[in-house]
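For reference, the structure is listed below as structure tokens.
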Amino acid sequence: MPARSSDRRRPPRRGAAPDSSPLHTCLHQVVDTLKHQADGFVATEDLGLSRLAQNILLTVHRRRASFDWLIERLCQAKPRPRLRRLLWWAMAEIFWMDGVPAPAVVDAAVAYCKKNHAVQEGNFLNACLRTLTTASAGRTWDELLADAPPHVQLELPELLWKRWRKDFSPTQLSALAAVLLQPATTVFRRRQWPPDNRPTPTMLTPLPAPDWAPDAVLFTAPKLAEGEIGSLMAPGSPFYIQDPSTLLAPAMLQAQPGENVADLCAAPGGKAVLLAEALRGQGALHGFDRAAAKLDRLRSNLAAFRNVSIAEADAASAVLSAASMDAALLDVPCTNTGVIRRRPDVRWSFSNAKLQELTALQKAILNAAAPAVKPGGRLVYSTCSLEPEENHLQVKAFLASHPEFHCRAQRLIIPTLKHDGAFAALLIKAES
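This is how it looks when you write it as structure tokens:
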């Protein structure tokens, strides 16, 4: 098996995994989840998965470009989707996890295949995995991919690679791809309203505030145990898990105490909380979302604020009365290409058809929200996408059809190891 890019060798793996082992549990969970995702269900959290299964899934989504290239190169025939999912699981376990010997991984995958599919397919799977492990013996991962196309070496789908090389230089694209292979850091923000004078727990390490939200009080917790997160995030806690990129749009809106403010795509509530804090208990925040299942979480996140109303509504239709809002936030549904660190499955769910569908929805939301803004009022349009069609081109098209608005500021944040990607534009409605 290959060493990592640093050429670090792992200790030999010994022993076998019994049928009731965590290895077999992980195999079933990962294959089942990948099947659900292939069928259109893309959530990767809150599924009752083991920590090992979660790590394997994240690795599969991050490394699938190279996994597929190696499969096509080394397997004698193109595997069926159900066999490819087993190959992904085995390759993630063999090449990127520690603790289980490669033969045990191969045996588990082959046994699963023969039991759930067919003996002949199990034999084919066995041959593929034996070829993969033999070909990789004594070689680093970079050496294995030395002849791979550029998009494979960057672990990107060819579609995204072709799009992004138009917008980024080769150096920028390589840096971005490297960032997107890294797990996202959990960042905690201290709420600024209502006032809370409790001391900061020693487990939290301060982080510098980003330039787009200089007043934010941020922390990380590198050594925080899973159980400690629950205590830190208990009801009434002054801390909220929030990536720095999500601060851009609320900071640009600059909600002021006493204003009438709307968040038309509010769930799960991270940006709505920032808006409610900015109002300082004065004025009103109106939160809406079309996903009824998410409203309970939205209400929970905003429970500390008495000047907030929440309702189910579709932002693509007229939700508010004309000229009723001083400010409105549209954090619209998008392709999420700015948050691939956090959701690596996004790189595989992206498609041109999905992009076209979402840009049409974004346009509808902008058009529906515009009349609700008072003359002289503010509208912030935001995404967590890197795609021009969803960002500055969407804003440009809106301004062309709504001359009563002008753009005062817009910004695209590229993902780094410190934060995800995001876009926001501040649109001002002319005075009557």
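Just so you know, we're using numbering that gives the first Met the number 0 here: the sequence shown kicks off at 0 and counts up by one. Backbone N, C-alpha and C define an ideal beta-carbon position, used for all residues, glycine too.
> Among P78, A110, D67, which one has its Cα closest to the Cα of M90?
Replying inline: Taking the sequence shown and counting its residues from 1, the one referred to as residue 90 is at position 91. For M90, the nearest C-alpha among the options comes from D67.
> Do the stretch 212-221 and the stretch 286-297 meet, that is, are 3 or more Cβ pairs less than 8 Å apart?
Replying inline: At 8 Å Cβ cutoff, the stretches do not touch.
>> Let's see if you can read the secondary structure: which residues bound the beta strand (DSSP E) around H405?
In response: The residue labelled residue 405 in the question sits at position 406 within the sequence shown. Note, H405: beta strand (DSSP E), 404-412.
>> For W87 and T184, I'd like the C-alpha separation in whole angstroms.
In response: The sequence position of residue 87 within the sequence shown is 88, counting from 1. The sequence position of residue 184 within the sequence shown is 185, counting from 1. Their backbone Cα atoms lie some 25 Å apart in a straight line.
>> Could you tell me which whole alpha helix (DSSP H) segments of length 4 or greater appear in the stretch 106-161?
In response: Counting whole runs of 4 or more residues, the stretch 106-161 contains the alpha helix (DSSP H) stretches 118-135, 140-143, 149-152.
> Using CA coordinates, which residue listed in H150, H116, G268 is at the minimum distance from L82?
Replying inline: As a working mapping, residue 82 is identified with position 83 in the sequence shown. Taking L82 as reference, the option from H150, H116, G268 with the minimal CA-CA separation is H116.
> Between the beta-carbon of D344 and the beta-carbon of Q36, is there less than 8 Å?
Replying inline: In the sequence shown, residue 344 corresponds to position 345, counting from 1. In the sequence shown, residue 36 corresponds to position 37, counting from 1. Yes, these two residues count as a Cβ contact at 8 Å.
> Roughly how many angstroms separate the alpha carbons of A314 and V216, rounded to a whole number?
Replying inline: Translated into positions along the sequence shown, residue 314 becomes position 315. Translated into positions along the sequence shown, residue 216 becomes position 217. The straight-line gap from Cα to Cα measures roughly 31 Å.
> What separation, rounded to the nearest whole angstrom, lies between the Cα atoms of A411 and A248?
Replying inline: Here the question's residue 411 lines up with position 412 in the sequence shown. Here the question's residue 248 lines up with position 249 in the sequence shown. For the sequence presented, residue 411 should be read as Leu rather than Ala. If I take the Cα positions, the gap works out to 11 Å.
> Taking the alpha-carbon positions, what's the D146 to E386 distance?
Replying inline: Reading the sequence shown from its first residue, position 147 is the one you call residue 146. Reading the sequence shown from its first residue, position 387 is the one you call residue 386. Take the alpha-carbon of D146 and the one of E386: they are about 29 Å apart.
> Going by other Cβ atoms of all chains shown within 10 Å of its Cβ, with 16 needed for buried, is D195 buried or exposed?
Replying inline: As a first step, residue 195 must be located in the sequence shown, where it is residue number 196. Answer is exposed; the Cβ neighbour count stays below 16.
> Taking the alpha-carbon positions, what's the L252 to L273 distance?
Replying inline: Working through the sequence shown from its first residue, we reach residue 252 at position 253. Working through the sequence shown from its first residue, we reach residue 273 at position 274. One C-alpha to the other measures close to 10 Å.
>> Threshold first: 4 residues or longer. Then list the alpha helix (DSSP H) segments lying entirely within the stretch 157-242, N to C.
In response: As summarised for the stretch 157-242, the continuous alpha helix (DSSP H) elements at least 4 residues long and confined to that stretch are 157-166, 169-179, 225-231, given in chain order.
> Which one of M324, Y380, Q393 has the shortest CA to CA distance from A371?
Replying inline: Taking the sequence shown and counting its residues from 1, the one referred to as residue 371 is at position 372. With distances taken between Cα atoms, A371 lies closest to M324.
> Are there 16 or more other CB atoms within 10 angstroms of the CB of S244, so buried, or fewer, so exposed?
Replying inline: Sequence index remark: in the sequence shown, residue 244 carries index 245 (1-based). S244 should be labelled buried.
> Touch check for the stretch 217-236 and the stretch 341-360: three-plus C-beta pairs under 8 Å?
Replying inline: Short answer: they don't touch.
> Going by beta carbon distance, what residues of the same chain come within less than 7 Å of K293, once the five residues before and after it are set aside?
Replying inline: Numbered from 1 along the sequence shown, position 294 holds the residue referred to as residue 293. The answer, listed in chain order, is A266, P267.
>> Only counting the same chain, and skipping five residues up and downstream in sequence, which positions put a Cβ closer than 8 Å to that of N306?
In response: Along the sequence shown, one-based indexing puts residue 306 at 307. Around N306: A275, L278, G280, Q281, G282, A283, L284.
>> I believe A136 touches F187 by the beta-carbon criterion, under 8 Å. Please report the beta-carbon distance rounded to the nearest angstrom.
In response: Counted from its first residue, the sequence shown places residue 136 at position 137. Counted from its first residue, the sequence shown places residue 187 at position 188. Contact flag wrong, Cβ pair sits at about 44 Å.
>> Give me the residue from A103, E71, Q393, P182 with the minimum Cα distance to T58.
In response: Walking along the sequence shown from the start, residue 58 turns up at place 59. Answer by Cα proximity: P182.
> How far does the alpha helix (DSSP H) with V59 in it reach, from first residue to last?
Replying inline: Along the sequence shown, one-based indexing puts residue 59 at 60. Taken as a continuous stretch (DSSP letters only), the alpha helix (DSSP H) holding V59 covers 50-73.
> Can you tell me the Cα-Cα spacing of Y111 and M96, whole angstroms?
Replying inline: Counting from one through the sequence shown, the residue named residue 111 turns up at place 112. Counting from one through the sequence shown, the residue named residue 96 turns up at place 97. Roughly 20 Å between the two C-alpha positions.
>> Here's the rule: buried if 16 or more other CB atoms are within 10 angstroms of the residue's CB, otherwise exposed. What is K34?
In response: If you number the sequence shown from 1, residue 34 lands on position 35. Taking all protein chains in view, the Cβ of K34 is surrounded by fewer than 16 other Cβ atoms within 10 Å, so the residue is classified as exposed.
> Can you list, in chain order, the residues of its chain whose CB lies under 6 Å from that of R407, leaving out five sequence neighbours each side?
Replying inline: Position 408 of the sequence shown, counted from the start, is the residue given in the question as residue 407. Once the five neighbours on either side are set aside, the close Cβ partners of R407 are L425, I427.
> How would you label P453, buried or exposed, when you count the other beta carbons within 10 angstroms and need 16 or more for buried?
Replying inline: Absent from the model: residue 453. The displayed extent of the chain is 0 to 431, so no value can be given.
> A103 and L22: beta carbons closer than 8 Å?
Replying inline: Reading the sequence shown from its first residue, position 104 is the one you call residue 103. Reading the sequence shown from its first residue, position 23 is the one you call residue 22. Yes, Cβ-Cβ distance for A103 and L22 is below 8 Å.
>> For a test of the three-state rule: what should DSSP assign to S308, helix, strand or coil?
In response: Locating residue 308 in the sequence shown gives position 309, where the first residue counts as 1. Under the three-state reduction of DSSP, S308 is assigned to strand.
>> Using C-beta distances below 7 Å, list every residue in its chain close to R445, excluding the 5 sequence neighbours before and after it, in chain order.
In response: Outside the shown range of the chain, which is 0 to 431, sits residue 445, and nothing can be said about it.
>> Excluding the 5 residues flanking Q255 on each side, which residues of the same chain have their C-beta closer than 6 Å to its C-beta?
In response: Numbered from its first residue, the sequence shown carries residue 255 at position 256. A distance below 6 Å between beta-carbons, with the five flanking residues on each side excluded, links Q255 to no residue of its chain.
> Anyone know if the C-beta pair for S381 and T336 falls short of 8 Å?
Replying inline: Counted from its first residue, the sequence shown places residue 381 at position 382. Counted from its first residue, the sequence shown places residue 336 at position 337. Not in contact: S381 and T336 (Cβ atoms no closer than 8 Å).
> Mind checking whether Q75 and S49 have CB atoms under 8 Å apart?
Replying inline: As a position in the sequence shown, residue 75 is number 76, starting the count at 1. As a position in the sequence shown, residue 49 is number 50, starting the count at 1. In this structure, S49 does not lie closer than 8 Å to Q75 by Cβ.
>> Output needed for L153: all residues of its chain with C-beta closer than 6 Å, excluding positions within five of it in sequence on either side, in chain order.
In response: The residue you call residue 153 lines up with position 154 of the sequence shown. Shown here for L153: same chain residues with a beta carbon closer than 6 Å to its own, the five before and five after excluded, namely A176 in chain order.
> Where does L247 fall in DSSP's three states?
Replying inline: Working through the sequence shown from its first residue, we reach residue 247 at position 248. Residue state, collapsed to three classes: helix.
>> Bridge partners for N300 per DSSP, in chain order?
In response: Numbered from its first residue, the sequence shown carries residue 300 at position 301. Per DSSP, none; premise fails for N300.
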